Amino acid sequence: RLQYMSEDFGVLQTEEYPAGEMPEKLAVIAGTSCVIVETQWEDGSVTRELFEPEEDGRVFVETFYKTSDVALGKKSTEIVWE
């Protein structure tokens, strides 16, 4: 789940993707100051990471998904602030 947050931490938009199906590139909506990437694991635990724009306006997020009982896959998504 992605939470696009305003400067005062109001939620501007929420997007959810099934495991392993994050797009290769996402453009943030106007007014976004940070993006929170929330991952829910199979055991029910949740981890959250906060991402802010870099000087060049690009950020790369890595997400993980289960590929078998013993392995995880990794996907890289570029978040672009325009």
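Residue numbers (my numbering): 166 to 247. Glycine residues also receive a C-beta, built at the ideal position from the N, C-alpha and C atoms. This structure is a prediction, so every number in the text was calculated from the model and none was measured.
For this session: Count the other C-beta atoms from every protein chain shown that fall within 10 angstroms of the C-beta of isoleucine 194, then say buried if there are 16 or more, exposed otherwise.
Result: Result: exposed.
For this session: Under the assumption that phenylalanine 225 contacts leucine 237 (Cβ atoms under 8 Å), give the Cβ distance between them as a whole number of angstroms.
Result: Cβ-Cβ separation between phenylalanine 225 and leucine 237: approximately 18 Å, too far for a contact (criterion under 8 Å).
For this session: Sort Met187, Gly175, Glu243, Val245 by Cα distance to threonine 204 and report the nearest one.
Result: Nearest of Met187, Gly175, Glu243, Val245 to threonine 204, Cα basis: Met187.
Exercise. Name the DSSP beta bridge partners of alanine 192, please?
Worked result: Note: alanine 192 sits in a beta bridge opposite Val245.
Exercise. By DSSP, does arginine 166 sit in helix, in strand, or in coil?
Worked result: In the three-state reduction of the DSSP assignment, arginine 166 falls in the coil class.
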